[in-house]
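Going by my numbering, 216 is the number at position 215 of the sequence shown; the sequence numbering is gapless.
Idealized CB from N, CA, C, for every residue including glycine.
Bear in mind that the values here come from a model prediction, so they are computed numbers and not experimental data.
For reference, the structure is listed below as C-alpha cells.
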Amino acid sequence: MLLAYDQGFEHGPTDFDDDNVDPEAICKISREAGVFTGIVFQSGIAEKYYPSASSGQALPPLVLKLNGKTSFHKGEEPVSLQLCSIDRAKELGAKAVGYTIYVGSEHEEQMMAEFTKIVEEAHHKDLPVVAWMYPRGKHVEGKETSKDVVAYAARLALELGADFAKLPYTGDVESFEWVVKSAGKMKVVVQGGSKKDEGVLLDQVWEFMKAGATGMAVGRNIWQSDDPVGISKKIAEIVFKV
Ligand code: FBP
C-alpha cells in the first residue's frame, strides 16, 4: 500500500485542489488512514515534510523517487533521468527508492543503463528498488496495458534487478496472472491512475490481487476522493486480505 505523491512533479499542480496541494494534507491522510506501508515523495518534498515523522507522528516508510520528468514534452518519446542520489535518499530517511523506466520509448536504453547502476548501489546499501515500469512512446502506442507489453515490462524489471515493479493493470485476471508469472520472484504492485468511480476501482483491486499482485501504489484515487481515509481503508481491506 504505497501512497504516491509525486504528481505535482509529473503533472504540475493541475491534479490538486486547495486541500491536497499541501503536502501536509497528504501526510495527514496517511496518518489517519494508518494502512499505508510506504509513502512516495521526490527529494524536495521529503526534505521539507518527511522529517515530521520524527516529531512523534510517524509516517510510513519513505520511498524516495530518484527520477522524474515534467509533462511539458507531450507527444515525444519520454525519458526520465536520475535527479537524486542514493546517498541523498538515505540521508532523507528513505527505506526504498523508486525509478521510472518508459518501456518501449526510444530512450529506454538510457533509463535501463541508469537503473541497473541504481540497483547495484541501492542493494549494496540495503535499499530495495521499486521500478515504475510504464510502457510509453510510438512503439507501444495503443498497447500500454496489453498483456504482452505489460508482461514484457514486468520481465524486464525482473531482469534488471528490481525488487518491485509498479505496472499498469491489464484489465482482467487471466492476463494479469501472466504478468505476475513473468515477474518471477519480483513483486508486482499496480499503479492507481487517474481518478475512477469507487466501485470500479475496488473491483480492479480485487481482480489484480486475485491475479497475484502484492499490492498497489496509488495517489489520485486517494487524495482526490471525497473520503480519502475511507477509500484508503477499503483498498487496504482487499490488499491485505486477498
Ligand atoms: P496515481 O495513482 O495518481 O496514478 O499515481 C501513480 C503514479 O505512478 C505517480 O507516482 C506518478 O506521478 C503518476 O502515476 C504518473 O502518471 P502518468 O505517467 O500516467 O502521468
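> Looking at residue 20 and the ligand FBP, is the gap between the Cβ and the nearest heavy atom below 7 Å?
Replying inline: Start at 1 with the first residue of the sequence shown, and residue 20 comes out as number 19. It does not: the Cβ of residue 20 is nowhere closer than 7 Å to a heavy atom of the ligand FBP.
>> Is the separation between the beta-carbon of residue 171 and that of residue 180 shorter than 8 Å?
In response: Position 170 of the sequence shown, counted from the first residue, corresponds to residue 171. Position 179 of the sequence shown, counted from the first residue, corresponds to residue 180. It is a contact, given that the beta carbons lie within the stated cut-off.
>> With DSSP as the reference, identify every bridge partner of residue 136, one or two as the case may be.
In response: Looking up residue 136 in the sequence shown gives position 135. Beta-bridge analysis with DSSP links residue 136 to 104.
> What residue does the alpha helix (DSSP H) around residue 113 start on, and which one ends it?
Replying inline: As a working mapping, residue 113 is identified with position 112 in the sequence shown. Looking at the DSSP string, the run of the alpha helix (DSSP H) that includes residue 113 is 109-125.
> According to the Cβ coordinates, are residue 36 and residue 218 closer than 8 Å?
Replying inline: The residue labelled residue 36 in the question sits at position 35 within the sequence shown. The residue labelled residue 218 in the question sits at position 217 within the sequence shown. It is not a contact, given that the beta carbons lie outside the stated cut-off.
>> Are the CB atoms of residue 135 and residue 1 within a distance shorter than 8 Å?
In response: This structure does not reach residue 1, given that the chain is present from 2 up to 243, and the question cannot be answered.
>> For a test of your reading of the model: does the CB of residue 11 fall under 7 Å from any non-hydrogen atom of the ligand FBP? Yes or no.
In response: Along the sequence shown, read from residue 1 onward, the residue named residue 11 stands at position 10. Flag set: Cβ of residue 11 near the ligand FBP.
> Are the beta-carbon atoms of residue 95 and residue 132 separated by less than 8 Å?
Replying inline: Position 94 of the sequence shown, counting from 1, holds the residue named residue 95. Position 131 of the sequence shown, counting from 1, holds the residue named residue 132. Cβ distance not < 8 Å, so residue 95 and residue 132 don't count as in contact.
> Using the C-alpha atoms, what's the distance from residue 242 back to residue 221?
Replying inline: Working through the sequence shown from its first residue, we reach residue 221 at position 220. Working through the sequence shown from its first residue, we reach residue 242 at position 241. Computed Cα separation, rounded: 23 Å.
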